[in-house]
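Letter by letter, the sequence shown follows residues 421 to 640 in the numbering used here.
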Amino acid sequence: MARRTENRRSTRQNTKHRLLVYFKVGRRYRTRSVIFFFMGLLLLLPLFISELENDLVDPEALAAFGGVLMLVGFGLWLFARLAMHRSYVQCMPDLLLVRTPFRRTLVSYRRIKLAQSAKVSHLYPREKLRSGEKALMRDLLDMTAAEVQVKSWPAPKKRLERYLSKFLFSSRAEAWLFIVPNYSALTRQLDMAMQTKRDADRGVATGYEDPIERLKYFDH
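Rendered as structure tokens:
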């Protein structure tokens with residue numbers, strides 16, 4: 421029974437909460453990747469279909485340019501896949517994992533002060549966003565996010581801001597801002613992980629072991 425309870429707790433804590441900002445960025449680049457790829461494909465056709473040749477541009481030059489466009493399209497598609505499917509925040513047993521397409525940031529629970537809900541539009545009012553940001557955040561401003569206030573950052577904040585989206589940071593406090601599909605589940609898991617870590621640290625300091633944990637020695 422104790423083992424099943426522990427397994428359920430571990431499963432909940434290992435939930436990957438999709439970062440919707442990067443998911444939307446990925447969708448935008450996926451569309452562009454398809455456009456670039458098919459433009460490149462069209463430019464290849466005169467090389468194989470003589471009826472499409474003309475005297476203005478050499479078919480081989482068109483094909484070379486088309487190949488470049490196809491490579492660009494493939495690169496954009498790859499980035500879109502990473503942004504959509506490998507951008508998440510996850511409560512690990514000992515650390516909070518913030519995963520973005522090309523960067524992994526580990527946050528110690530000891531650095532976290534508290535996790536609470538926050539309305540995205542209160543932190544980033546629509547009228548203060550640039551036009552490109554408005555398009556990106558159109559569906560996200562009305563959402564509630566998890567605001568995770570920290571005592572300190574795992575790296576210099578300016579460096580983090582250089583590599584991560586500005587919308588991963590709160591505008592009103594020293595805090596992360598995680599816009600995810602289920603903010604309440606994330607805040608609950610964070611609270612649980614932080615409490616578990618505090619209890620474990622307290623147990624190590626005092627030499628005390630939880631009675632439930634002692635059952636593992638008899639559970640064979």
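All residues carry an ideal CB built from backbone N, CA and C; glycine is no exception. Model, not experiment: these values are computed from the prediction.
How would you call residue i, buried or exposed, if buried means at least 16 neighbouring beta carbons within 10 angstroms?
i      : result
Phe522 : exposed
Val540 : buried
Tyr583 : exposed
Phe468 : exposed
Pro479 : buried
Asn427 : For Asn427, the predicted structure reports a pLDDT of 44, less than 50, and the residue's modelled location is therefore unreliable. A value from the coordinates is still provided. Flag for Asn427 reads exposed.
Gly460 : buried
Pro513 : exposed
Thr525 : buried
Val568 : buried
Ile455 : exposed
Gln609 : buried
Go ahead and pull the three-state DSSP assignment for residue i.
i      : result
Val600 : coil
Val492 : helix
His437 : strand
His640 : Only weak support exists for where His640 lies, its pLDDT of 46 falling under 50; the coordinates are left without a value.
Val445 : helix
Val509 : strand
Find out if the Cβ-Cβ distance for the pair residue i, residue j is shorter than 8 Å.
i      : j      : result
Leu556 : Lys436 : no
Ser453 : Gly493 : yes
Trp537 : Thr607 : As written in the sequence, residue 537 is Ser, which differs from the Trp given in the question. A contact, by the Cβ cut-off of 8 Å.
Tyr442 : Leu496 : no
Leu549 : Ile599 : no
Starting from the N-terminal side, write out each stretch of the alpha helix (DSSP H) that is 4 residues or longer and does not extend beyond the stretch 513 to 593.
-> 540 to 543, 551 to 557 and 577 to 583
Okay, do the stretch 500 to 520 and the stretch 584 to 603 touch, 3+ Cβ pairs below 8 Å being the bar?
-> yes
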